[in-house]
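First up is the structure itself, then whatever we jot down about it.
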Amino acid sequence: MGFCKMVKNLTKSILLILSIVLLSGCEGLPENLVEEIERMEGKQDRLTRFIEQRETELTDLSKHNESEFLTHYSQSEDWAEHFTKANRQLEKAKTLYEDEISPFYDKDDPKDATSVFKLNKQFSEFIQSSTASARYVNERITFLINSRDNSSAIHSKANQHLFEMNRLQDELSKTTQQAISTYPNKSDDLNSRLLSISKLVNQSESSHSQLNIEYDKKTEHSIKFVDYAVIGDQAQTIEKSLSEVNKQEEETNRKISQLEKSYVKVLTDQRVEYYLVIRRASWCDGEYCGNGSESSYSPIKVDSTVFEYFDSSQIATLATLRRSWGRETFKINVKKDMWKALSLNEKYRLNRNHTEADYWIQKSYTKTFHKYVEIENDQSKETGWQSVSETYFWKQYDNLGMAILTKPYGFYEEDAITDAQPVGMATIAEPVVKDGVATGSNRYGEWRQSNGLSFWHYYGMYHMYRGLVGPSRYGYNDWSGYNGRRRGSSYYGRNNRWGTFGSSTYSNSRYQNSGFARANSGAVYSARTGKRASSSSVRGASSSNRNRGPSSRGK
């Protein structure tokens with residue numbers, strides 16, 4: 018055992034002060050792990066005595082006041098084997114302690130903490146398993162006596178549980194069949210859920226049959242032995258099955274309710290606010306001036322051009338204020354129009370004794386916002402501006418006028434589509450083409466024809482989808498392109514018809530008059546002309562702390 022470990026084991030009442038002094042220089046395993054290890058020998062000793070005591074009780078079962086009733090079960094169920102298991106697990110714990118844990122304890126190296134943690138956990142699992150095996154016989158005795166003394170109540174309760182399972186199965190079967198009829202695309206999943214419940218009910222029917230056979234023996238005087246273990250065990254099996262049926266029934270109904278819900282989230286506007294924080298250091302040249310002072314201006318809201326200029330600038334000091342021979346000079350080191358855009362009062366709260374000052378960008382950051390139209394079933398609502406993270410904003414930047422979340426009827430929540438796509442495209446029924454004409458319908462609408470061309474017509478309550486797309490309707494070619502898209506990526510249509518840079522996006526007055534369109538005329542122009550504008554260099558820019566001030570300020 019190492020020196021530090023020896024100190025840890027000194028009697029506190031004798032050498033308390035010495036222990037504190039010596040331990041202050043020791044570095045070893047974490048105290049909680051050490052304390053666990055130091056309790057292990059005691060745990061092994063106590064468990065050894067516990068197992069021996071319980072084994073003795075089994076050996077002396079003939080002395081139990083229920084020995085006549087219990088002897089059969091002790092032999093038929095081989096209760097002694099549980100003590101063999103208990104000793105086997107205890108022996109594993111002892112071996113682990115002696116061969117692996119103790120050497121780590123003596124080594125007392127903090128680098129071994131992870132290994133010791135895992136070994137301590139394994140030791141605890143062996144002890145718990147051994148303890149459970151040692152307790153089994155006493156717990157079984159209590160269970161069997163209760164099964165005998167309360168067999169009528171147990172039998173009645175089992176009947177109720179089985180009845181409830183059958184009721185739940187019947188009701189769920191009706192609900193599920195209706196859902197399958199409406200949403201055949203989910204028939205495999207829903208039928209598998211019904212099958213799982215059916216298996217549980219069938220197992221419970223079998224358990225109930227076994228329970229009844231033993232229970233009926235109570236009234237048959239010619240039969241002397243009633244197996245109360247069967248009554249108790251099968252009743253427990255039925256109760257556990259009911260619990261599982263309840264859980265699965267609730268989950269299946271939850272899934273079915275999801276099929277009846279449709280929602281779409283459309284990005285209808287987006288904006289970025291750009292901010293710069295200017296910091297100033299000021300001082301004077303006299304020996305009496307000390308170290309000077311620093312202060313930050315309130316954040317300045319600027320446009321993207323100004324933000325991009327300063328955010329990418331490598332100029333450390335934006336401007337300087339100097340005084341020499343009674344003459345004050347303010348020198349601007351950046352473009353004059355850029356400095357003017359800051360609308361900065363250079364001498365705001367400047368110490369009147371300070372004659373020198375430097376100005377620099379301390380921090381640059383953006384605030385990003387979205388507006389949405391959210392459609393749930395046949396109702397829609399528009400949101401106000403909502404703050405979103407910069408990461409999410411730039412992820413969705415190309416998706417103005419697009420559905421960024423779609424969950425049609427007949428799909429589960431986990432089936433919701435998070436890839437941006439034209440609004441309502443995912444709700445269109447897959448067409449059946451006959452003689453070159455697309456046919457088919459669903460809850461949202463139907464395929465129709467005009468001038469020899471097929472197009473998708475939304476029913477009245479879902480006409481809002483069309484209003485979010487534009488004046489043109491989805492044709493068969495639109496659906497065909499969408500259906501053939503690469504899954505897992507955004508879809509903007511053939512020749513980029515939709516989205517922030519879509520050729521048809523700004524034909525819709527909603528997007529033409531959006532805050533984004535007013536602030537980004539270049540994007541609107543590029544969309545209408547089919548010339549994709551280059552992405553701004555501030556795209557995806559995150560907040561940054563600059564602290565580009567001069568290396569030394571003041572005296």
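Numbering-wise (the working numbering), the sequence shown opens with residue 18 and increments by one.
Where a beta carbon is used, it is the ideal one built from N, C-alpha and C, also for glycine.
Being a predicted model, the structure only gives us computed values, none of them experimental.
Cut-off 6 Å between Cβ atoms - residues of its own chain near residue i, not counting five sequence neighbours on either side
i: LYS282; result: TYR389, GLU391, ILE421, LEU422
i: ARG165; result: TYR245
i: MET442; result: TYR499
i: MET18; result: Note that MET18 scores a pLDDT of 45, beneath 50, so its modelled location is shaky; the value from the coordinates is reported in the next line. The answer, listed in chain order, is ASP123.
i: ILE445; result: TRP473, TRP496
i: PHE134; result: none
i: GLN251; result: SER224, GLN227, LEU228
Residue i: CB within 8 Å of a non-hydrogen atom of the ligand PLP
i: GLY309; result: Summarising the ligand content, the structure contains no ligands, and the ligand PLP is consequently not present.
Cutoff 8 Å; reference residue i; Cβ partners in own chain excluding five residues on either side
i: SER169; result: none
i: ALA130; result: LEU46, PRO47, LEU50
i: ASP62; result: none
i: ARG152; result: ARG71
i: THR435; result: ILE421, LEU422
i: ALA536; result: ARG288
i: SER330; result: VAL351, ILE378
Bounding residues of the beta strand (DSSP E) (the contiguous stretch that carries residue i)
i: LYS111; result: Here LYS111 belongs to no beta strand (DSSP E); instead the alpha helix (DSSP H) covers 97 to 113.
i: ALA433; result: That residue, ALA433, is in no beta strand (DSSP E); it is neither H nor E in DSSP.
i: TYR382; result: 373 to 393
i: LYS424; result: 419 to 424
i: ARG340; result: 336 to 341
i: GLU231; result: Where GLU231 is concerned, there is no enclosing beta strand (DSSP E), although the alpha helix (DSSP H) it sits in stretches over 204 to 233.
i: THR400; result: Where THR400 is concerned, there is no enclosing beta strand (DSSP E), given that its DSSP letter is neither H nor E.
Whether residue i touches residue j by CB criterion (9 Å)
i: GLY462; j: HIS474; result: yes
i: ILE158; j: HIS81; result: yes
i: ASN513; j: SER506; result: no
i: GLU363; j: ALA336; result: yes
i: LYS611; j: ARG339; result: The question about residue 611 has no answer, for the chain in this structure spans 18 to 572.
i: THR199; j: LEU107; result: no
i: GLY532; j: ASP375; result: no
i: THR193; j: ASN208; result: yes
i: VAL323; j: LEU359; result: yes
Own chain, CB closer than 7 Å to residue i, minus 5 neighbours either side, in chain order
i: THR517; result: TYR414, ASP415, ASN416, LEU417, ALA540
i: TYR523; result: GLN529, ALA534, VAL541, ALA544, ARG545
i: VAL247; result: GLN227, LEU228, GLU231
i: VAL154; result: ARG71, LEU75, TRP96, HIS99
i: SER190; result: LEU211
i: VAL454; result: GLN466, SER471
First through last residue of the alpha helix (DSSP H) which encompasses residue i
i: LEU136; result: 130 to 166
i: LYS353; result: 353 to 358
i: PHE86; result: 84 to 93
i: PHE121; result: 119 to 124
i: VAL51; result: 48 to 76
i: ARG344; result: Taken as a continuous stretch (DSSP letters only), ARG344 belongs to no alpha helix (DSSP H), being part of the beta strand (DSSP E) at 344 to 349.
i: SER543; result: 538 to 546
i: LYS412; result: 407 to 412
i: ASN494; result: 493 to 500
i: SER589; result: Only positions 18 to 572 of the chain appear in this structure, which leaves residue 589 out of reach.
Residue i classed as buried or exposed, judged by whether at least 16 other C-beta atoms fall within 10 angstroms
i: HIS89; result: exposed
i: ILE31; result: Low per-residue confidence applies at ILE31: pLDDT is 42, beneath 50, and the placement is therefore not dependable, though the value from the model is reported in the following sentence. Result: exposed.
i: ASP125; result: buried
i: MET182; result: buried
i: LEU12; result: Coverage of the chain is limited to positions 18 through 572, which leaves residue 12 absent and any answer about it impossible.
i: LEU212; result: exposed
i: ARG210; result: buried
i: PHE242; result: exposed
i: ASN202; result: exposed
i: GLY487; result: buried
i: HIS480; result: exposed
i: GLU188; result: exposed
i: TYR447; result: Contrary to the premise, residue 447 reads as Glu rather than Tyr in this sequence. Per the 10 Å Cβ criterion, exposed.
i: TRP342; result: exposed
i: TYR476; result: exposed
i: PHE428; result: buried
i: ILE240; result: exposed
i: GLY249; result: buried
i: PRO127; result: exposed
> Taking only runs of the beta strand (DSSP E) that begin and end inside the segment 437 to 488, which ones reach a length of at least 3 residues, in chain order?
Replying inline: Those beta strand (DSSP E) runs which fall completely within the segment 437 to 488 and span 3+ residues are 449 to 451, 454 to 456, 462 to 467, 470 to 475.
>> What ranges does the beta strand (DSSP E) occupy inside the segment 253 to 332, keeping only unbroken runs of at least 3 residues that lie completely in it?
In response: 280 to 300, 310 to 313, 317 to 319
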